[in-house]
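Data block below; observations after.
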């Protein structure tokens, strides 16, 4: 479920596209029509494609994004007093979010 976060990086499949001076990469989920055509020969009659194919900004090396994620986790652990990731569930109350607005691919 992290596909969107990791899309657009150098390590992702696909070529870098340049449009109007901006570098982009094509992103699609594995249940999208694009993926089904590429990997399964098309969308079967009994299936409906889910998701969409979008162009996302090119982000460079994935190492930078992973560094940001790890920095956020370290910061979170500091705020709640957890020395290890295992301790997060003991020191916090996790709240399930059922609806949120995703502005990344809108």
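Numbering (the UniProt record's numbering), first residue to last: 1 to 106.
Glycine residues also receive a C-beta, built at the ideal position from the N, C-alpha and C atoms.
Starting from residue 74, trace the alpha helix (DSSP H) in both directions and tell me its first and last residue. According to the DSSP assignment, residue 74 belongs to the alpha helix (DSSP H) that extends over 62-80.
Is it the case that the Cβ atoms of residue 6 and residue 62 are separated by a distance below 8 Å? Their beta carbons are under 8 Å apart, which means residue 6 touches residue 62 by this criterion.
Output the distance between the C-alpha atoms of residue 55 and residue 41, rounded to the nearest integer angstrom. Residue 55 and residue 41 have their C-alpha atoms some 22 Å from each other.
Select from 37, 70, 72 the residue whose C-alpha is nearest the C-alpha of residue 52. For the residues 37, 70, 72, the minimum Cα distance to residue 52 belongs to 37.
In whole angstroms, what is the alpha-carbon distance linking residue 12 and residue 57? The C-alpha of residue 57 is placed about 12 Å away from the C-alpha of residue 12.
Nearest-angstrom Cα separation, counted from residue 94 out to residue 142: The question about residue 142 has no answer, for the chain in this structure spans 1 to 106.
Which value, in whole angstroms, describes the spacing of the CA atoms of residue 29 and residue 4? Near 8 Å, if we compare the C-alpha coordinates of residue 4 and residue 29.
Does residue 23 come out as helix, strand or coil in the three-state DSSP assignment? Residue 23: strand per DSSP, three-state reduction.
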